[in-house]
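*Asks:* Numbering (the numbering used here), first residue to last: 15 to 75.
(1) Leaving out five residues before and five after residue 24 in sequence, what residues of the same chain have Cβ atoms less than 6 Å from its Cβ?
(2) From what residue to what residue does the beta strand (DSSP E) around residue 25 run?
(3) Since residue 34 is in the beta strand (DSSP E), which residue starts that stretch and which ends it?
(4) Is it right to say residue 75 is buried, meaning 16 or more other beta carbons lie within 10 angstroms of its own, or is it exposed?
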């Protein structure tokens, strides 16, 4: 994935809970930021189309 290679994904880890979320920075000129919870992420095309392309800022299904 190009966005990972360009360091567009950051893992944020909460202390002391140990829970994590991922901040994903888009490739558009606006560099939009998205928050994704690991348990709600899917690598399928449908997830990308339905969530990312709609411009959702928080990915919770």
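Every residue, glycine too, gets a C-beta built ideally from N, C-alpha and C.
*Replies:* The answer reads as follows:
(1) 37
(2) 23 to 27
(3) 34 to 39
(4) Residue placement at residue 75 is flagged as unreliable, the pLDDT there being 44, under the threshold of 50; the coordinate-derived value follows with that caveat. It is exposed - the Cβ of residue 75 has fewer than 16 other Cβ atoms within 10 Å.
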